[in-house]
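A quick write-up on the structure given underneath.
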Amino acid sequence: MRTRLVVMLAVCALVVAVAPFVGPPMPPDARDFILWQLRIPRTLMALVVGGTLSLVGAVYQSLFSNPLAAPSTIGTTAGATLGALVAIVLGARTALWGLPLITGAAFAGALGVSLLVAAIAAGRNVRMNDLVLAGIAFSMAAGAISTGVQFSADSAELLTAMRWTMGHLPQVGYQNIVMLLPIAAVSVVGLLTLTRALEVFISGEEHAESQGVNVRAVRMASIGLGALGVAGCVAWCGPIAFVELIVPHIVRRVLGVSRRVLLPCSVVVGASFLVLCDAVARIILPGRETPVGLVTAALGTPLLIYLVARKSS
Amino acid sequence: MRTRLVVMLAVCALVVAVAPFVGPPMPPDARDFILWQLRIPRTLMALVVGGTLSLVGAVYQSLFSNPLAAPSTIGTTAGATLGALVAIVLGARTALWGLPLITGAAFAGALGVSLLVAAIAAGRNVRMNDLVLAGIAFSMAAGAISTGVQFSADSAELLTAMRWTMGHLPQVGYQNIVMLLPIAAVSVVGLLTLTRALEVFISGEEHAESQGVNVRAVRMASIGLGALGVAGCVAWCGPIAFVELIVPHIVRRVLGVSRRVLLPCSVVVGASFLVLCDAVARIILPGRETPVGLVTAALGTPLLIYLVARKSS
Amino acid sequence: MTSLLEVSGATVRKGERALLEDVSLRVAPGDFVAVVGPNGAGKTTLMRVALGLQRPDAGRVTVNGRDVGALSPRERAAFLAWLPQRVQVSEPITALEHVAAARYRFKESHRRSEESALVALARVQAEALASRPITELSGGEQQRVAVAALLAQEAPLVLLDEPANFLDPAQQLELYALVGQMWRSGLGVLCITHDINVLAHAMRAGSEGRIRVLGLSKGRVAFESHYDAPDLGEHLGRVFSVRMRGVEVENRRVFVGMSLERGE
Amino acid sequence: MTSLLEVSGATVRKGERALLEDVSLRVAPGDFVAVVGPNGAGKTTLMRVALGLQRPDAGRVTVNGRDVGALSPRERAAFLAWLPQRVQVSEPITALEHVAAARYRFKESHRRSEESALVALARVQAEALASRPITELSGGEQQRVAVAALLAQEAPLVLLDEPANFLDPAQQLELYALVGQMWRSGLGVLCITHDINVLAHAMRAGSEGRIRVLGLSKGRVAFESHYDAPDLGEHLGRVFSVRMRGVEVENRRVFVGMSLERGE
Amino acid sequence: PAPEAGTRRIVSLSPGITETLYALGAGEQVVGLSDWASWPSETASVPKVGSTLSPNYEAIARLKPTLIIDEQVKQAPAGSLSALAPVKVLPWLSVDDVANGIRELGRQTGREDAATKLAQKVETTLKRKPPPDAPRVLLVIGDPEAALTSIWYIRKGSLHGAALEAAGARNAVAEDPAGPPNVSVEQLMTLDPDIILVLVEGPRLTPEEEARQLAPWKQLTVLRAVKQGRVKLVAGPGVQSTGPRILDVVEQLQAALRFDTKTP
Ligand SMILES: Nc1ncnc2c1ncn2[C@@H]1O[C@H](COP(=O)(O)OP(=O)(O)OP(=O)(O)O)[C@@H](O)[C@H]1O
Ligand SMILES: Nc1ncnc2c1ncn2[C@@H]1O[C@H](COP(=O)(O)OP(=O)(O)OP(=O)(O)O)[C@@H](O)[C@H]1O
Ligand SMILES: [Mg+2]
Ligand SMILES: [Mg+2]
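Chains as they are written, first to last, in the working numbering: chain Y, 1 to 313; chain A, 314 to 626; chain F, 627 to 890; chain U, 891 to 1154; chain S, 1155 to 1418.
In structure tokens:
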């Protein structure tokens, strides 16, 4: 187990170090610009976003004891999409505190919907399954409003929105990262402090409560902090599909279910996984802006199937 | 319980009977055409699709013991979308056996992906969670290929795809229903015969096996028949969101979890729920073709939240 | 029709560890076999092997001479009924529905199933629980409902994994009396238990000799004996690593576990 | 610091039914209270009320005079440790991790938690299970690990819900010896059990009188007595509806349940 | 001041603008295009650099553009693009927008004369008004699925709406309602337009394809347009173009509106 862990971490470090140099050749006079203003910021963005999303996925799966739980389950992603769509379709071309409106709106949408669910989670007699249902309900509502907004969009807006919903990582310079980083940091650090409590959750909520875990507080903190991180990532990069679902499952299968391993390793593996996907996206269709979600799934699917097949044989 | 059941059935029957007459006023000379060639076929379509989707949702939730399980969980919806997109992009202008290619392709896609999952379900040592993971993986793969296809689509194709994925019910005449009905009937009747086996599943798979249930056969049959029904519905109407998720939860909360009640009532309630939504869609934005998924969510969300809140108070 | 369950030379390995090693066993209708042994001895594993839920790495399990793996689940359920050590019901179905579900192997109407389920519940004095959600029952109530489900399956061989768990003394007594009735009515019983004394409730005077006791320890057969064997106490003491004092109470021999008084 | 758990006049209703009615109870460090009663008597409900997991419809529960609902979960965990009737672990964490998790209430490094967890596992002779996934353990092994988790929490009052479930006689004996040790070292013990005899293992000669026995029946207190009370057998017989014969074995009184011989 | 012609390197992220640039003869200045650009055929050899909301910065940087032009879509991240090169964002929705845009593109590319001529042509053509008794035409966007599942029509105030009026028809939807330009099948009965034209973007259709596209409309036998056989396709590449090809669309529409006076 220990050797596996070390190998995994080494691979991750290597991927991150090499990634910025992977891609179509750079013309010598644009080299510095491409490397320092485009590739490195973008790699950093992938690091931050991949790590945050994966951690949130791992936390939600633990919290809901459900392998299908993900930010999209409790409406975070749907809220972000809704916000972004509203901004695209209804929004004026203004910026807010130097933020593009679309970013701000996605952030607000994600946080808004998740906080509704968190508010329900604060209830006294609420069971986890009730929360899952409430999450479905809010996702559904946000999804429906999004459909409504799309329905009333004209085609140029729709095309714009469509690309947004595929997720993207492109960055010029460091401004976005500087804005996202504190949000992501609060989310990641906050969630990691919940590791111990989530470990206790494994033996049932009531038992955990009797062992000193404030179940309601942990629920609210997990959902709130998770939503914060996801809202940030989605606001800047659109909904990057599957990372939050697939990375925790991979870590769980390879390194085990102990929360103390699962949560931090999800951050590390998720971060470098997205960096890898981004680098691969640069080479498979050089010159095109391949949506990174495509590569994520293309790499993740066979890996997950292999892990499932290996275990059950 | 019995009175509740009777009340629910009566309400359902009423809804279905009244629905075709709900809508903006009909010009007198087009009245017959609108009623007999538009509204009634469309109501029938809603009946068939709503019933089938809800039943499949209920069966999947039972099978996976997971409130989040749905046709989309095991890749059925993703497969259908993929098929439709491929058809749209690679030339949807031809027809196959009198079927629009897009319908045939969506059907093939849905069935193809689900059967992969069903094949995994046939394995000897496969746990339910493994199946869920395999489903996620295939959904993801199908989703990624869809993204790729969209990415290479031109704008007109993309708009078509976008509108297709909103789901729709309109029908002119009875041709589509005649084609869908046998598929849906096989799926619904087949799934209903599994009721008893699914009831036994509640006390654990091994226990069920010892009580005479052929667990692998039930799994494969459920997934296969479910995929068939969903593939049919999605092929003709696009992915109508949420019905399969929300209806079983509502039935479960109101009438209880017994499979003998849950499954048939999901058919009835789902059918009339979609009919209701369709009728409502006609009046909220008269003169427009409002996507029915929008109304589904708009009606379903508050209902679900109310049911969750009522129970936990 | 004879329904003979035969386990021969069953071995189960998990990685390096052998969970079960070369264990053989015969249960025919009318037999009563008690399996005893310390925690982790492999008793539950043996039962799962006998049921065909776990394939042994070596050895064979047959029912009526046919390999248990070759039977369809329904056929097998017609021979063997199982009371698991931990029944986990995931949803609040009623006790009646839970018991009725156990009649899956019968091709009959739901009404018939429910009638039979009610009879089975009555036999464990749990009619009153019929319409209560099973997730809201107390530990002992759940166990009684599980026993009712076992009865409802109407198999000629019943496999019980610590059926007295969670039950209060009166219920234990009732349960074993019931098991005794089933046995005398011709069923074969394979029963895992930690408390050999409760077996007393299963029998009438004179039938002691017909209760076979199989001792398991670390996956192997430690002893094979009979309930009335004079050296049973010693055997038990050995596998459990305690002193078993047999005392006579109202013409019944009762074993009382005593610590080995280490250090006293 | 005295940690006094006081339940006074607790009543729990569920719809029409009263699950618990006007039950009072005091457990201080150094006390040993055994709660007995038939299935469904409300024993587990009483324990959940005492832990603050279920709010009583009437009555109060205080720990050291403070309302149990007003304590933070961590504070409460510093007073009360609970062994539930059915522990359900949903994922294959190792036994060590499970026990270490029980030390949540301590603000300490993970290494410290694991060390203490190992000590706790050793006390129930389960060191060998430390690195095994808990979902792969046998019923009895799981129960031992659960007891280790209880010990690891180091609370002055321990609440045990049928701790001997799933355990073999040697383990039961060890467990109760351990509970006895904890008691004598000053802890307060509230223990639900169906088998009053096992309490014998918890005590040394002379301490019988200090074990209080609370009989529950249909949610009400049926009797309050002591382990050495001469009429305990009758009390027990009454709540359980069996005949309880007390016999003397090696200077110990052992109760043997006998059927009421209805119809014989 | 626009840079020298030979050194201008333009990236255009809007297909309509791209078309205009080529129409102005500034095609050789174009070094990068949006993924959606497909006309004229020379564009095939020009690198594609993403779309408005997700441009491929690296690809753009590698092209070392001197100007990036995009059509104004709400929320486009013009800010970060300007780190690569000066960015020009043009509104491109109405006839005036397009005419002004053409002139601006002329200035930027040093093709002012050609631009003025084109802009004038666009203005004079597209600002023609239909006679008051012109037929009421519903112009809908065709759907490859060829089902009447959602009918999207052309708004009066849009570029294609102007093209329809320029071709000598009145828009069947007399004033633009708020909300999406979508009409239900039922609503068609109320609108009952004189003529229905279906715009299908893409290569020319074979007769079978045309028949298939029209088949669903033929089912709507109560519509006047259907009864009189006045449903037609307007198909071909560029029928949905927002560039100068819109002028060809006017001609195509005019041709499509010429029906034989006799009803079939
Ligand atoms: N899936 C598994 N993987 C690995 N080891 C297992 C698995 N299942 C059981 N074991 C181990 O096999 C041994 C025998 O287990 P089994 O459940 O048969 O014991 P048992 O005799 O029923 O014990 P108990 O009286 O405690 O129920 C135990 O040591 C247990 O830890
Ligand atoms: N959530 C609940 N809703 C309704 N009734 C309940 C609920 N929980 C327990 N009960 C009922 O309350 C009664 C007391 O239950 P409790 O679990 O306290 O019994 P117990 O004394 O612990 O029994 P056992 O020895 O079988 O564990 C039982 O009849 C049980 O069915
Ligand atoms: Mg066992
Ligand atoms: Mg209890």
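The beta carbon of each residue, even a glycine, is placed where N, CA and C say it ideally should be.
Please read these numbers as outputs of a predicted model, since none were measured by experiment.
*With hydrogens ignored, establish whether the beta-carbon of E1017(U) is closer than 7 Å to any heavy atom of ligand 1.*
Counting from 1 along the fourth sequence, the entry for residue 1017(U) is found at position 127. False, no ligand heavy atom lies under 7 Å from that Cβ.
*Euclidean distance between Cα positions of A110(Y) and G83(Y)*: The residue labelled residue 110(Y) in the question sits at position 110 within the first sequence. The residue labelled residue 83(Y) in the question sits at position 83 within the first sequence. Distance between the alpha carbons of A110(Y) and G83(Y): 7 Å.
*If we count the other Cβ atoms within 10 Å of its Cβ and call it buried at 16 or more, is V189(Y) buried or exposed?*
Taking the first sequence and counting its residues from 1, one reaches residue 189(Y) at position 189. Answer is exposed; the Cβ neighbour count stays below 16.
*Does ligand 4 have even one heavy atom less than 7 Å from the beta-carbon of D794(F)?*
By one-based count along the third sequence, residue 794(F) stands at place 168. No, ligand 4 has no heavy atom inside 7 Å of this Cβ.
_Contact list for the stretch 501-512 of chain A against chain F, Cβ threshold 8 Å_ = R509, A510 and E512
*How about T720(F): is its C-beta nearer than 8 Å to some C-beta of chain U?*
As a first step, residue 720(F) is located in the third sequence; it is residue number 94 there, counting from the start. T720(F) does not count as touching chain U.
*When DSSP labels each residue in this structure, what does K1283(S) get in the three-state scheme?*
Locating residue 1283(S) in the fifth sequence gives position 129, counting from the first residue. K1283(S) falls in the coil class under three-state DSSP.
_At the 8 Å Cβ level, is V1137(U) part of the contact set with chain F, yes or no?_
Position 247 of the fourth sequence, counting from 1, holds the residue named residue 1137(U). For V1137(U), the answer is yes, since a Cβ of chain F falls inside 8 Å of its Cβ.
*Taking only runs of the beta strand (DSSP E) that begin and end inside the stretch 1224-1262 of chain S, which ones reach a length of at least 3 residues, in chain order?*
1241-1244
_Just to confirm, is the Cβ distance from V939(U) to A900(U) under 8 Å?_
Within the fourth sequence, numbered from 1, the residue matching residue 939(U) stands at position 49. Within the fourth sequence, numbered from 1, the residue matching residue 900(U) stands at position 10. In contact: V939(U) and A900(U) (Cβ atoms closer than 8 Å).
*Please name the residue, chosen from R260(Y), T52(Y) and I202(Y), that lies closest to V215(Y) on a Cα-to-Cα basis.*
Sequence index remark: in the first sequence, residue 215(Y) carries index 215 (1-based). Answer by Cα proximity: I202(Y).
_At least 3 beta-carbon pairs within less than 8 Å: the stretch 924-941 of chain U vs the stretch 176-185 of chain Y_ = no
*Tell me whether T1415(S) sits in a helix, a strand or coil according to DSSP, three-state version.*
In the fifth sequence, residue 1415(S) corresponds to position 261, counting from 1. Confidence at T1415(S) is low in this model, with a pLDDT of 48, below 50, so the placement of that residue is unreliable and no value is reported for it.
_Rounded C-alpha distance that separates V49(Y) from G1397(S)_ = As a working note, residue 49(Y) is residue 49 in the first sequence. As a working note, residue 1397(S) is residue 243 in the fifth sequence. So the alpha carbons of these two residues sit roughly 39 Å apart.
*Once you ignore the five residues that flank L511(A) on each side, which residues in its own chain have a CB closer than 8 Å to its CB?*
One-based indexing of the second sequence puts residue 511(A) at position 198. Counting only residues of its own chain and dropping the five nearest sequence neighbours on each side, L511(A) has a CB closer than 8 Å to the CB of V372, S375, L376, V531, S535, R572 and L576.
*Give a yes or no on whether 8 Å exceeds the smallest Cβ distance from Q978(U) to chain Y.*
Walking along the fourth sequence from the start, residue 978(U) turns up at place 88. Yes - at least one Cβ of chain Y is within 8 Å of the one on Q978(U).
_Just to make sure I have the definition right: I need the residues of chain A whose C-beta is within less than 8 Å of the C-beta of P1370(S). Which are they?_
Along the fifth sequence, read from residue 1 onward, the residue named residue 1370(S) stands at position 216. Ordered by position in chain A, the residues that pass the 8 Å Cβ test against P1370(S) are V485.
*Any contact of the stretch 1286-1297 of chain S with the stretch 1202-1210 of chain S, i.e. 3+ C-beta pairs under 8 Å?*
no
_L381(A) at chain Y interface by Cβ criterion, 8 Å_ = What you label residue 381(A) is simply residue 68 of the second sequence in a count that begins at 1. With 8 Å as the cut-off, L381(A) counts as an interface residue toward chain Y.
*Please say whether Q1043(U) and V977(U) have beta carbons closer to each other than 8 Å?*
Taking the fourth sequence and counting its residues from 1, one reaches residue 977(U) at position 87. Taking the fourth sequence and counting its residues from 1, one reaches residue 1043(U) at position 153. The Cβ atoms of V977(U) and Q1043(U) do not sit closer than 8 Å to each other.
_Supposed close pair G883(F), G872(F) - CB separation, criterion 8 Å_ = By 1-based counting over the third sequence, the position of residue 883(F) is 257. By 1-based counting over the third sequence, the position of residue 872(F) is 246. Rounded, the Cβ-Cβ distance is 11 Å, inconsistent with contact.
*Taking the alpha-carbon positions, what's the I837(F) to R810(F) distance?*
Sequence index remark: in the third sequence, residue 837(F) carries index 211 (1-based). Sequence index remark: in the third sequence, residue 810(F) carries index 184 (1-based). Cα to Cα, the separation comes out at about 12 Å.
*Distance CB(F1130(U))-CB(D657(F)) smaller than 8 Å*: Locating residue 1130(U) in the fourth sequence gives position 240, where the first residue counts as 1. Locating residue 657(F) in the third sequence gives position 31, where the first residue counts as 1. Not a contact, by the Cβ cut-off of 8 Å.
*Quick one: give me the first and last residue of the beta strand (DSSP E) that F922(U) is part of.*
Here residue 922(U) corresponds to residue number 32 of the fourth sequence, with the count starting at 1. Its beta strand (DSSP E) spans residues F922 to V926.
*For V653(F), which residues does DSSP report across the bridge?*
As a working mapping, residue 653(F) is identified with position 27 in the third sequence. Paired residue(s): L631(F).
_Under 8 Å between C-beta atoms of V621(A) and A134(Y)_ = Position 308 of the second sequence holds residue 621(A). Position 134 of the first sequence holds residue 134(Y). Yes; because the gap between Cβ atoms is below 8 Å, this pair is in contact.
*Thinking C-beta only, is T614(A) closer than 8 Å to M128(Y)?*
One-based indexing of the first sequence puts residue 128(Y) at position 128. One-based indexing of the second sequence puts residue 614(A) at position 301. Cβ distance not < 8 Å, so M128(Y) and T614(A) don't count as in contact.
*Find out if the Cβ-Cβ distance for the pair G806(F), A828(F) is shorter than 8 Å.*
Stepping through the third sequence from its first residue, residue 806(F) is reached at position 180. Stepping through the third sequence from its first residue, residue 828(F) is reached at position 202. Yes; because the gap between Cβ atoms is below 8 Å, this pair is in contact.
*Got a sec? Which residues, its chain only, sit under 7 Å from G1260(S) by beta carbon, not counting five neighbours each side?*
Position 106 of the fifth sequence holds residue 1260(S). Cβ within range, chain order: L1178, E1266, A1268, A1269 and T1270.
*Can you pull the chain S residues whose beta carbon is under 7 Å from the beta carbon of A30(Y), in chain order?*
For the purposes of this step, residue 30(Y) is taken as residue 30 along the first sequence, with counting starting at 1. Within 7 Å Cβ-Cβ: A1215, R1216 and K1218.
*Using a Cβ-Cβ distance under 8 Å, would P20(Y) count as near chain S?*
As a working mapping, residue 20(Y) is identified with position 20 in the first sequence. P20(Y) does not count as touching chain S.
*Measuring from the CB of D443(A), is there a heavy atom of ligand 4 at a distance below 7 Å?*
Taking the first residue of the second sequence as position 1, residue 443(A) is located at position 130. Checking every heavy atom of ligand 4 against the Cβ of D443(A), none is found closer than 7 Å.
*Which runs of the alpha helix (DSSP H), 4 residues or longer, sit entirely within the stretch 414-442 of chain A?*
Here the runs fully enclosed are 414-434.
*For E723(F), count neighbouring Cβ atoms within 10 angstroms of its own Cβ and tell me buried if that reaches 16, exposed if not.*
Stepping through the third sequence from its first residue, residue 723(F) is reached at position 97. Answer is buried; the Cβ neighbour count reaches 16.
*Quick one: does D443(A) have its CB under 8 Å from some CB of chain Y?*
In the second sequence, the residue the question calls residue 443(A) occupies position 130. Yes, because at least one Cβ of chain Y sits closer than 8 Å to the Cβ of D443(A).
*Would you decide whether N823(F) is buried or exposed? Buried here means 16 or more other CB atoms lie within 10 Å of its CB.*
The count along the third sequence starts at 1 and reaches residue 823(F) at position 197. The residue in question, N823(F), is buried, as its Cβ has 16 or more Cβ neighbours within 10 Å.
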